[in-house]
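Asks:
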Amino acid sequence: MRYTIENKQPLPQEYCDLRKVAGLSPKTLEAAEISLPRSLFAVTIRDGERLIGMGRVIGDLGCFVQIVDIAVHPDFQGQKLGRVIMEHVMEFVKTECHRCAFVNLFADVGFLYQKFGFVNSVKSQGMYLDWSKV
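Residue numbers (full-length UniProt numbering): 1 to 134.
#1: According to the neighbour-count rule (16 or more other Cβ atoms, all chains shown, within 10 Å of its Cβ), is Phe102 buried or exposed?
#2: Where DSSP assigns a beta bridge to Phe41, which residues make up the other side?
#3: List the whole-angstrom C-beta distance separating Gln9 from Ala31, where the pair is believed to meet the contact cut-off of C-beta under 8 Å.
#4: For my contact list, Val57 and Phe92 are in at a C-beta cut-off of 8 Å; report their separation, rounded to the angstrom.
#5: What are the start and end residues of the beta strand (DSSP E) that includes Glu6?
#6: Just the Cα atoms here: how many angstroms apart are residue 216 and Pro26?
#7: In angstroms, rounded to a whole number, what distance separates the CA positions of Arg19 and Gln77?
#8: Taking the beta carbon of Gly44 as the centre, do at least 16 other beta carbons fall within 10 Å, making it buried, or is it exposed?
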């Protein structure tokens, strides 16, 4: 089957839907509407009109960059679409980000990202804000 790959952001509702079905933490439509236009870069893969894969880059291009929302619909996993998404993301990172930028991601499947040069951090501990505690 032939898929369409575009360097553009998904629509907010389909973004929320794909995150959920792909097993990522759910996001509200309102949060998606705020965040998607602020992406530095986004890539989507479609089967016809249906969003089946996506990835985004966020940050400031100079000091900090984060790769987020790497997701492939379960019906289409095992076809190396995650790798295709990362190839597009990394092309953007390599051409647009300053070479001293700290580029990071949170990985559930580390082996995918290791192929692109990512290593486990031994110097730092990942943390996040628990909104219920503030």
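Quick reminder that beta carbons are idealized off the backbone N, C-alpha and C, glycines included.
Owing to the predicted nature of the structure, the values given are computational and were not obtained by experimental measurement.
Replies: In this structure, then:
#1: Result: exposed.
#2: Partner(s): Val57.
#3: Contact between Gln9 and Ala31 is ruled out by a C-beta separation of about 14 Å, above the 8 Å threshold.
#4: Confirmed, Cβ separation roughly 6 Å.
#5: It spans 4-6 - the beta strand (DSSP E) in which Glu6 sits, taken as one unbroken run.
#6: Examination of residue 216 is not possible in this model, given that the chain is present from 1 through 134 alone.
#7: Approximately 14 Å between the Cα atoms of the pair.
#8: The question names Gly, but residue 44 is Thr in the sequence shown. Buried, since its Cβ has 16 or more Cβ neighbours within 10 Å.
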